[in-house]
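To keep things clear, I will list the structure first and then write my remarks on it.
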Ligand SMILES: Nc1ncnc2c1ncn2[C@@H]1O[C@H](COP(=O)(O)OP(=O)(O)OP(=O)(O)O)[C@@H](O)[C@H]1O
Ligand SMILES: [Mg+2]
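Residue numbers (my numbering): 552 to 838.
Dropping the structure here:
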């Protein structure tokens, strides 16, 4: 990765690539959201499946360039929060603003443009099984940019190289290990140079060393490109490695019980649920 790449954003929050390469902004926010320090604002978000309320009145912000980890016990609503933040499910209440766009109020076109400004990596990696890695990554470039086939091919190759998969362009996803599939998914999520990346359990199912490599890749991307990241994980080692800040959810309150830098939460929180999580202690209920 080019360490010289600057991590600047223009007044519309779009990432500026000094080399003149593609940037999320060229096609992501042609309407232009107002300049904002916060890349993401979640205000009083309520999420429910039918009558079953999972999260109530959840509010937090993610600053541009920040890596925020959403943590908490199984079933507390981490994936639910992520899916509602990116507009996969309609909100039962509150609002989510991404790069200045209220995603619930946005029209189809504005929503589609906003979505192009962020990348999403779910646990499955979301690659098309019948397409090669190169084809998988070229797809969004063909769909959303006016790059020539040759340029799209070059960009896709560069993305694969960035995640350490140069030489695997013509492989099918099924021909890769789990860690390689995760990295290919990351390359695809980054195809359009999004200013924001959302991950759900990026290191689930990986061995500790592969997981640590993925953490390093995440940190490199954040530092080199200033990419804002929202990452759901309960892997403590990952949390200490990658998180600038942790937003911790708990089922008992249908929302946030703590937020702050991970080591600070570990060392200073007086909430036993938070301390138990950071010290890997079974909770009172489970004990
Ligand atoms: N599509 C859905 N329809 C109905 N209920 C759902 C749906 N998705 C999740 N839930 C419920 O919402 C609650 C929170 O689930 P969610 O997947 O958000 O938890 P999580 O914190 O991501 O857990 P894990 O760490 O196990 O992935 C659970 O009780 C789950 O059964
Ligand atoms: Mg989940």
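Ideal placement from N, C-alpha and C gives every residue a C-beta, glycine not left out. Keep in mind that this is a model prediction, so the values were computed, not measured.
Residue-chain proximity (residue i, chain D), Cβ-Cβ < 9 angstroms
{"i": "residue 816", "result": "Structure shown: chain D not included; a single protein chain is present."}
Residue i: CB within 8 angstroms of a non-hydrogen atom of ligand 2
{"i": "residue 786", "result": "no"}
{"i": "residue 751", "result": "yes"}
{"i": "residue 783", "result": "yes"}
Three-state class that DSSP yields for residue i in the structure shown
{"i": "residue 825", "result": "helix"}
{"i": "residue 793", "result": "helix"}
{"i": "residue 671", "result": "strand"}
{"i": "residue 631", "result": "helix"}
{"i": "residue 694", "result": "helix"}
{"i": "residue 605", "result": "strand"}
{"i": "residue 885", "result": "A query on residue 885 cannot be resolved here, the shown segment of the chain reaching from 552 to 838 and no further."}
{"i": "residue 716", "result": "coil"}
{"i": "residue 725", "result": "helix"}
{"i": "residue 758", "result": "coil"}
{"i": "residue 661", "result": "helix"}
{"i": "residue 763", "result": "helix"}
{"i": "residue 784", "result": "coil"}
{"i": "residue 612", "result": "strand"}
{"i": "residue 747", "result": "strand"}
{"i": "residue 815", "result": "helix"}
{"i": "residue 677", "result": "coil"}
{"i": "residue 831", "result": "coil"}
{"i": "residue 768", "result": "helix"}
{"i": "residue 730", "result": "helix"}
{"i": "residue 639", "result": "coil"}
{"i": "residue 753", "result": "coil"}
Residue i - partner residues in DSSP beta bridges
{"i": "residue 649", "result": "591, 652"}
{"i": "residue 799", "result": "622, 809"}
{"i": "residue 740", "result": "Per DSSP, none; premise fails for residue 740."}
{"i": "residue 644", "result": "597"}
{"i": "residue 779", "result": "747"}
Any residues whose CB sits closer than 5 angstroms to a heavy atom of ligand 3? List them in chain order?
-> Among the ligands present in this structure, namely ligand 1 and ligand 2, ligand 3 is not found.
Three or more C-beta pairs below 8 angstroms linking the region 773-783 and the region 741-750 = Verdict: yes, contact present.
Would you check if there are 3 or more beta carbon pairs closer than 8 angstroms linking the region 729-737 to the region 760-774?
-> In this structure the region 729-737 lies against the region 760-774, because at least three pairs of beta carbons, one per stretch, are closer than 8 angstroms.
Segment contact flag, the region 608-622 with the region 782-801, C-beta cutoff 8 angstroms, min 3 pairs = Short answer: they touch.
Can we say the region 588-601 touches the region 626-641, given the rule of at least three CB pairs closer than 8 angstroms?
-> Counting Cβ pairs under 8 angstroms, three or more are found: they touch.
Is it true that the region 644-664 meets the region 682-692, where meeting means three or more beta-carbon pairs spaced less than 8 angstroms apart?
-> In short, these stretches do not touch, since the Cβ pair count stays below three.
Spell out a yes or no on whether the region 660-672 and the region 816-828 are touching, meaning 3 or more CB-CB pairs, one atom from each, closer than 8 angstroms.
-> Cβ pair count under 8 angstroms is below three, so no.
Is the number of C-beta pairs between the region 711-723 and the region 751-758 that are closer than 8 angstroms three or more?
-> Segments in contact, no.
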